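The structure appears below as structure tokens.
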Amino acid sequence: MQLYKDQTLKVTNSLTGKKEVFNPVNEGHIGMYVCGPTVYSNVHLGNCRTFMSFDMIFRYFKHLGYKVRYVRNITDAGHLVDDAEEGEDKIAKKARLEQIEPMEVVQRYTVDFHNILEQFNFLPPSIEPTATGHIIEQLEIIKEILKKGFAYEVNGSVYFDVKKFNESFDYGKLSGRKLEDMIANTRELTAQSDKKSPQDFALWKKAEPQHIMRWPSPWGDGFPGWHLECTAMSTKYLGETFDIHGGGMDLKFPHHECEIAQAEASNGNSPVNYWLHANMLTMNGKKMAKSTGNNILPGEIFSGNNAILSKPFIPSVVRFFMMQAHYTSILDLSNDALLASEKGFNRLIDALDNMSGLETGVNTDFNVADWKQKCYDAMNDDFNTPILIANLFEAVKHINLIKEGKENITLSDKELLQQTMNSFVFDVLGLENKNDGHQDSDKLQGVVELLIQLRNDARGNKDFATSDKIRDQLLAMGIQLKDGKEGTTFSIS
RNA sequence: GGCAUCGUGGCCGAGUGGCUAGGCGCAGCUCUGCAAAAGCUUGUACAGCGGUUCGAAUCCGCUCGAUGCCUCCA
1 MQLYKDQTLK VTNSLTGKKE VFNPVNEGHI GMYVCGPTVY SNVHLGNCRT
51 FMSFDMIFRY FKHLGYKVRY VRNITDAGHL VDDAEEGEDK IAKKARLEQI
101 EPMEVVQRYT VDFHNILEQF NFLPPSIEPT ATGHIIEQLE IIKEILKKGF
151 AYEVNGSVYF DVKKFNESFD YGKLSGRKLE DMIANTRELT AQSDKKSPQD
201 FALWKKAEPQ HIMRWPSPWG DGFPGWHLEC TAMSTKYLGE TFDIHGGGMD
251 LKFPHHECEI AQAEASNGNS PVNYWLHANM LTMNGKKMAK STGNNILPGE
301 IFSGNNAILS KPFIPSVVRF FMMQAHYTSI LDLSNDALLA SEKGFNRLID
351 ALDNMSGLET GVNTDFNVAD WKQKCYDAMN DDFNTPILIA NLFEAVKHIN
401 LIKEGKENIT LSDKELLQQT MNSFVFDVLG LENKNDGHQD SDKLQGVVEL
451 LIQLRNDARG NKDFATSDKI RDQLLAMGIQ LKDGKEGTTF SIS
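Below you can see the structure in the form of structure tokens.
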């Protein structure tokens with residue numbers, strides 16, 4: 001199903017600052033690279049938001065019938081704690097603090113990352129390469145950049161020469177910065193530096209004797225610079241120019257700017273046609289970050305074990321909450337917002353469950369085909385999931401009205417509605433039906449049904465003291481009875 | 001300090017020149033022994049001040065406020 005032939009997708013390209021019609025390099029195929037996590041601590045919810053945005057984008061591409069190669073890396077080396085020349089890297093620091101091997105750190109938090117993403121129902125990327133697995137590729141790029149004259153070696157380290165690069169290319173085109181401004185605004189560096197200019201960045205850092213993570217190179221033992229791995233891995237798996245590069249807004253500068261510079265310096269090509277940036281998840285109005293401690297772990301949300309939460313929330317509710325905001329907007333996390341999303345999510349899923357039982361008739365009271373296209377229009381407009389969800393609730397309203405016999409639907413429209421709803425809710429948004437797979441034991445079911453019978457007997461005898469006691473005490477245990485036209489049902493929270 | 005982004009009804013959150021999403025809450029109604037649950041119905045809001053325009057939440061300017069990046073960060 002090559003739906004993409006019938007749909008015109010527009011994306012916000014950070015490189016131009018505009019919404020542009022999306023056309024891949026090779027028709028029907030998409031190469032997408034997303035900067036993954038540095039695995040030196042547990043992934044927090046803010047990290048998850050970015051990856052979830054691109055998971056949704058990946059899902060929509062697939063839904064449209066594209067063949068997508070989605071590469072999301074694991075950074076397991078090379079990111080420095082700060083810009084100081086001594087430059088300990090984060091993973092090495094964590095390894096030292098915990099007195100374990102750096103690769104144990106990497107393993108521990110990679111497993112955590114995968115575990116959390118699985119709970120959020122992420123689709124795995126096509127390739128998940130690691131930085132340490134691509135040292136040779138990185139060395140080759142450094143050699144190439146040196147050969148082209150855009151880098152220089154000092155004391156066993158290699159730096160990218162930003163000024164030199166800017167003479168032939170445009171450094172700052174992604175983030176809207178001008179090199180002259182950046183130079184003018186640079187404070188004097190007091191520490192002595194090997195760099196010719198503060199804007200220069202490391203391609204290769206010499207490893208001090210105490211540095212654990214090290215590899216041999218033409219310039220001595222060392223480790224790769226912060227930005228190089230993404231250039232190496234994206235080029236290797238997606239080519240010198242590919243369709244989409246994504247990542248968090250906070251990576252736009254300097255990380256993505258440097259990636260462009262490295263690629264252009266080494267092979268002359270602008271590496272990416274469409275740069276997509278996902279915006280930050282905030283908490284208390286401030287960006288979530290590992291370094292500041294202003295963050296919340298997914299596990300804390302699932303267990304409710306955090307001071308800002310009044311109760312636990314299942315992964316799909318969190319996903320739904322995030323999908324209710326556009327991926328380019330800042331989103332603030334709060335208990336109230338999650339509670340509101342939870343109610344909306346439950347209403348959506350309940351309507352979905354009710355769809356199959358709808359009675360069909362000879363006419364339909366709303367235009368299902370038009371509604372379906374509206375759903376696509378929303379997604380085609382830069383993946384506007386909030387508008388998509390608004391349309392889904394439009395369908396929820398009709399489903400409920402049909403269920404109550406106040407509106408009609410034909411069999412073919414019902415099938416179209418069902419198929420479209422399922423596609424968008426489960427395939428594109430990646431939500432999961434909370435009612436599936438959580439069957440409580442038969443015994444519990446039987447016990448509650450017995451109590452419902454006893455209560456109904458009491459009600460028949462107008463013994464409301466007994467019937468209300470059963471109802472209220474069950475509720476106190478988290479079992480809610482729901483009296484409906486066709487009898488009493490219950491839900492267990 | 002420099003460069004950006006944002007400020008929408010009680011809350012969350014779309015929209016970007018006229019037709020004014022959606023969710024949650026509140027209220028009303030239906031249902032019920034009473035409730036709860038569920039369902040339906042309902043909201044003319046766009047920080048402030050000027051300007052452009054027949055017409056602006058939407059464009060321009062200024063003011064105020066918030067955030068992000070400029071150092072590792074999704």
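Numbering-wise (my numbering), the first sequence opens with residue 1 and increments by one. Yeah, the Cβ is synthetic: ideal placement off N, Cα and C, and Gly gets one too. What you are looking at is a predicted structure, and each value in this text was computed from that prediction instead of being measured.
Residue i and residue j closer than 8 Å at C-beta
i, j, result
"Ile-30", "Ile-244", "yes"
"Ala-278", "Ser-53", "yes"
"Val-39", "Tyr-152", "no"
"Gly-149", "Glu-257", "no"
"Glu-229", "Asn-269", "no"
"Ser-334", "Val-317", "no"
"Gly-430", "Asn-185", "no"
"Tyr-237", "Ile-127", "yes"
"Glu-407", "Asp-350", "no"
"Met-283", "Met-249", "no"
C-alpha gap between residue i and residue j, whole angstroms
i, j, result
"Lys-62", "Gln-2", "10 Å"
"Thr-130", "Gln-138", "12 Å"
"Gln-99", "Val-105", "10 Å"
"Glu-208", "Ser-217", "14 Å"
"Phe-383", "Ile-399", "25 Å"
"Tyr-4", "Ile-402", "32 Å"
"Phe-426", "Leu-358", "20 Å"
"Ile-142", "Thr-231", "11 Å"
"His-227", "Ile-135", "13 Å"
"Asp-483", "Gly-460", "14 Å"
"Leu-9", "Val-111", "35 Å"
"Leu-174", "Ser-14", "7 Å"
"Lys-372", "Val-362", "20 Å"
"Asn-295", "Gly-478", "30 Å"
"Ile-409", "Leu-251", "49 Å"
"Gly-344", "Leu-388", "14 Å"
"Asp-181", "Lys-94", "36 Å"
"Val-368", "Glu-404", "19 Å"
"Met-379", "Lys-178", "34 Å"
"Leu-474", "Leu-450", "12 Å"
"Lys-19", "Lys-414", "35 Å"
"Phe-51", "Gly-247", "8 Å"
"Pro-224", "Ala-77", "8 Å"
"Asp-336", "Phe-321", "11 Å"
"Arg-59", "Pro-315", "17 Å"
"Ala-325", "Val-43", "21 Å"
"Asp-89", "Ile-212", "9 Å"
"Val-496", "Pro-125", "This structure gives no information on residue 496, because the portion of the chain shown stretches from 1 to 493."
"Asp-170", "Phe-242", "19 Å"
"Phe-253", "Val-272", "15 Å"
Residue i burial status per 10 Å Cβ neighbour count (16 or more: buried)
i, result
"Phe-49", "This sequence places Arg at residue 49; Phe is not what is there. Arg-49 comes out buried."
"Leu-45", "buried"
"Leu-348", "buried"
"Ser-412", "exposed"
"Thr-16", "exposed"
"Asp-55", "buried"
"Gln-445", "exposed"
"Asn-391", "buried"
"Gly-176", "exposed"
"Lys-397", "exposed"
"Met-199", "Inspection of the sequence shows that residue 199 is occupied by Gln rather than by Met. Buried: at least 16 other Cβ atoms inside 10 Å."
"Ile-116", "buried"
"Asp-442", "exposed"
"Gly-293", "exposed"
"Ala-508", "Residue 508 is absent from the structure shown; the chain starts at 1 and stops at 493."
Contact set for residue i: own chain, Cβ-Cβ below 8 Å, skip 5 residues either direction
i, result
"Arg-455", "Thr-466, Ser-467, Ile-470, Arg-471, Leu-481, Thr-488"
"Tyr-66", "Tyr-4, Pro-24, Gly-28, His-29, Ile-30"
"Phe-464", "Ala-458"
"Gly-222", "Gly-156, Ser-157, Trp-204, Lys-205, Lys-206, Ala-207, Arg-214, Trp-215"
"Asp-353", "Asn-433, Asn-435"
Cutoff 6 Å; reference residue i; Cβ partners in own chain excluding five residues on either side
i, result
"Ser-234", "Tyr-33"
"Thr-385", "Met-323"
"Asn-166", "Leu-179"
Beta-carbon contacts of residue i that lie in its chain and below 7 Å, excluding the five residues immediately before and after
i, result
"Asn-64", "Note on residue identity: the sequence assigns Leu, not Asn, to residue 64. Taken in chain order, the residues that qualify are Leu-3, Tyr-4, Gln-7."
"Phe-285", "This sequence places Gly at residue 285; Phe is not what is there. Closer than 7 Å at the Cβ level, and outside the excluded window around Gly-285, lie Asp-332."
"Thr-420", "Lys-372, Cys-375"
(message) Using 8 Å as the cut-off, can you tell me whether the stretch 70–78 makes contact with the stretch 19–36, which would need three or more C-beta pairs spanning the two stretches below that distance?
(response) yes
(request) Check whether the stretch 155–168 touches the stretch 195–210, counting contact only when three or more Cβ pairs, one atom from each stretch, lie closer than 8 Å. (result) yes
(request) Could you say if the stretch 352–368 and the stretch 307–318 meet the contact criterion of at least three C-beta pairs nearer than 8 Å? (result) no
(message) I want to know whether the stretch 284–294 touches the stretch 259–268 - three or more CB-CB distances under 8 Å.
(response) no
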